[in-house]
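Since the structure comes first, as C-alpha cells, the remarks are kept for the end.
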Amino acid sequence: MALSVGIVGLPNVGKSTVFNALTAGKAEAANYPFCTIDPNVGVVPVPDERLDRIGKHIKTQKVIPAIVEIVDIAGLVKGASQGEGLGNKFLANIRETNAILMMVRCFDDPNVIHVAGSVDPMRDIDIIDLELALADVESAEKRMKKASGGAKTGSKEGKIELALAEKVFKHLESGKAARSADLTDDERKQVATWGLLTAKPVLYCCNVGEADLPNGNAWSDLVRERAKKEAAGVVILCGKVEAELAEVAPADRGELLEAYGLKEPALASLARECYRLLGLQSYFTAGEKEIRAWTVKKGATAPEAAGVIHTDFEKGFIRAQVYSVPDLEQHHNEAAIKAAGKLRMEGKEYVVQDGDVMHFLFNV
C-alpha cells in the first residue's frame with residue numbers, strides 16, 4: 051500500500067527546506083509565499099534496522115525498505131477555503147493524502163519573513179485548522195442533505211447518519227477540526243469514510259532553531275500540549291540541520307549528529323511516526339533477488355498482506371510460510387529454521403505481526 055503524507059503549513063515555515071532534506075534535494079525555497087506552486091512528490095525510505103539483520107543471514111542482490119510518499123503542498127493563507135491564494139488546488143492536494151504533516155514555525159529569524167508578521171505557532175495551527183474546517187463544512191452539509199432523505203423515509207440508518215452529520219457540521223462550523231469532535235469509535239469510523247480533510251490524522255512537525263535541538267523550546271512545548279489533547283504526533287527538528295545532514299553521506303553523519311545532541315536525523319523518526327500515526331506495520335520477504343519491507347495495516351490478515359505484493363496473490367492465497375527475525379538470527383538460514391520446527395504454516399485467518407518474514411503459496 052502506498053502511504054502518502056502531505057506537508058502543510060503557512061508560507062515560510064520551512065516546508066520546502068524539510069521536503070528537500072527528506073528527499074535529499076538541494077533546491078532552496080525562495081523567501082516568499084507560494085514558493086511551491088505545484089506539489090512536489092518525494093519518496094522517503096522508512097528506516098528499519100531489521101532489514102540489515104536479515105541481510106546478515108540471507109545474501110541478496112538488493113534491499114528495499116518501506117516508503118512514505120511525501121507531498122510538498124503550496125503554502126496555505128487565510129481565506130484558502132474560499133479560494134484565496136492557491137486555495138482550491140491546495141485543498142484538492144490535501145484530499146489525496148492519507149495524513150497531514152503540519153509544519154509549524156517555532157524559530158525566530160528576522161531574515162525570514164513570517165506571513166502574519168510574528169512567530170506564533172498556536173495562531174498558525176488555528177489558521178490552518180479553520181481553513182480546512184471551513185472547506186469541510188460544505189462536505190458535511192452535503193452529507194446532511196443526503197442523510198435527511200433517508201431519515202424522511204423512516205430509515206433507522208438514515209436517522210443515525212443525519213444526527214451524526216448534524217453533530218459534525220456544528221463542530222466544523224465553529225472552526226474546529228473533525229478529529230477533535232466528541233465521537234464514539236463507531237462514529238469516528240463512519241466519519242472517516244466521508245473524506246473530510248480535518249478527519250485526517252495529523253503529525254505536528256516543529257521547526258526549531260539549531261540552538262533548541264534536540265528537545266525544542268517554549269513554542270514547541272505548546273504544540274506538544276496541543277498534540278497530546280488531540281492524540282496527534284509530534285516531531286521536533288531543525289530544517290537547516292536536516293538539510294546539512296542530507297548533504298553528508300550516512301556513514302559520515304555521526305559527528306554532526308553528536309554536535310546537535312541527536313541520535314539520528316529527525317527525518318528518520320518522522321517517517322516512523324507517520325507509520326505509528328496511521329496504524330501501519332511492516333512484514334518482510336527475503337530471498338536471493340531482494341529483501342523487502344512491505345506496508346500493511348495492523349490487524350491485516352495473511353491474504354491481505356499477500357495482496358499488497360499483487361492482487362493475484364490475495365485471490366489465489368493458499369497459505370503463508372512465516373518465521374521471525376530472531377528465529378533467523380538464532381538458526382542463520384531458512385533450512386535450519388524449518389529443521390528446528392520454527393517455520394510456521396499459516397492460513398487465511400492468520401493476523402500478520404510486525405516483523406514477520408513471509409513466503410506466500412498461491413494458485414491463480
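Quick note: the sequence shown uses this note's numbering, first residue 51, plus one each step.
C-beta: ideal position from N, C-alpha, C; glycine also.
Since this is a predicted model, take the numbers as computed values, not measurements.
Handout entry: Any beta strand (DSSP E) of 3 or more consecutive residues that is wholly inside the segment 322-380
Key = 330-336, 340-347, 367-373
Practice task
Could you tell me the distance, in whole angstroms, from the CA atom of residue 284 to the CA atom of residue 315?
Solution key: Looking up residue 284 in the sequence shown gives position 234. Looking up residue 315 in the sequence shown gives position 265. Straight-line Cα distance between these residues: approximately 15 Å.
Exercise for the section: Work out the CA separation of residue 157 and residue 230 for me, nearest whole Å. Expected result: Reading the sequence shown from its first residue, position 180 is the one you call residue 230. Reading the sequence shown from its first residue, position 107 is the one you call residue 157. The straight-line gap from Cα to Cα measures roughly 27 Å.
Problem - Where residue 391 sits in the DSSP three-state scheme - result: Residue numbering aside, residue 391 sits at position 341 when the sequence shown is read from its first letter. Note: residue 391 maps to coil in three-state DSSP.
Exercise for the section: Give me whichever residues DSSP pairs with residue 95 in a beta bridge. Expected result: Translated into positions along the sequence shown, residue 95 becomes position 45. Paired residues: 117.
Practice task
State the Cα-Cα distance for the pair residue 50 and residue 279, rounded to the nearest angstrom.
Solution key: The structure shown does not extend to residue 50, since the chain is modelled only from 51 to 414, so the question has no answer here.
Problem - Endpoints, the alpha helix (DSSP H) within which residue 149 is located - result: Here residue 149 corresponds to residue number 99 of the sequence shown, with the count starting at 1. Looking at the DSSP string, residue 149 is not in any alpha helix (DSSP H); the run it does join, the beta strand (DSSP E), is 149-155.
Problem - Contiguous alpha helix (DSSP H) assignments of at least 4 residues, all confined to the segment 237-291 - result: 268-280
Handout entry: Helix, strand or coil at residue 399 according to DSSP, with G and I counted as helix
Key = Reading the sequence shown from its first residue, position 349 is the one you call residue 399. Here residue 399 sits in coil by DSSP.
Exercise for the section: Please report the residue range of the beta strand (DSSP E) in which residue 425 lies. Expected result: Nothing in the structure corresponds to residue 425, since the chain is present only between 51 and 414.
Practice task
Leaving aside the five residues before and after residue 397 along the sequence, list all residues of the same chain whose C-beta is less than 6 Å from its C-beta, in chain order.
Solution key: What you label residue 397 is simply residue 347 of the sequence shown in a count that begins at 1. Contacts found: 369.
Exercise for the section: Confirm, please, whether the CB-CB distance from residue 227 to residue 183 is below 8 Å. Expected result: Numbered from its first residue, the sequence shown carries residue 183 at position 133. Numbered from its first residue, the sequence shown carries residue 227 at position 177. Contact: yes.
Problem - Reduced DSSP category for residue 206 - H, G, I as helix; E, B as strand; rest coil - result: Taking the first residue of the sequence shown as position 1, residue 206 is located at position 156. Helix.
Practice task
Give the straight-line distance between the Cα atoms of residue 319 and residue 99, rounded to the nearest whole angstrom.
Solution key: Stepping through the sequence shown from its first residue, residue 319 is reached at position 269. Stepping through the sequence shown from its first residue, residue 99 is reached at position 49. Roughly 13 Å between the two C-alpha positions.
Practice task
Return the first residue and the last residue of the beta strand (DSSP E) that residue 56 is part of.
Solution key: By one-based count along the sequence shown, residue 56 stands at place 6. Element bounds for residue 56: 54-58.
Handout entry: residue 224 versus 202, 245, 186, residue with shortest Cα-Cα distance
Key = For the purposes of this step, residue 224 is taken as the residue at position 174 of the sequence shown. Ranking 202, 245, 186 by Cα distance to residue 224 puts 186 first.
Problem - Straight-line Cα distance separating residue 332 from residue 401 - result: Translated into positions along the sequence shown, residue 401 becomes position 351. Translated into positions along the sequence shown, residue 332 becomes position 282. Straight-line Cα distance between these residues: approximately 13 Å.
Practice task
Run the CB neighbour count on residue 287, radius 10 Å, all protein chains shown included, and call it buried at 16 or more, exposed below.
Solution key: By one-based count along the sequence shown, residue 287 stands at place 237. Buried.
Handout entry: Cβ contact check for the segment 294-309 and the segment 267-279: 3 or more pairs under 8 Å
Key = no
Handout entry: Burial state of residue 234 (16 or more Cβ within 10 Å)
Key = In the sequence shown, counting from the first residue as 1, residue 234 sits at position 184. When all chains shown are included, residue 234 counts as exposed.
Handout entry: Where residue 77 falls: helix, strand or coil (DSSP)
Key = Here residue 77 corresponds to residue number 27 of the sequence shown, with the count starting at 1. Confidence at residue 77 is low in this model, with a pLDDT of 36, below 50, so the placement of that residue is unreliable and no value is reported for it.
Practice task
Quick one: measure Cβ to Cβ for residue 111 and residue 338, integer angstroms, because I've assumed they're closer than 8 Å.
Solution key: Counting from 1 along the sequence shown, the entry for residue 111 is found at position 61. Counting from 1 along the sequence shown, the entry for residue 338 is found at position 288. About 7 Å; that satisfies the 8 Å criterion.
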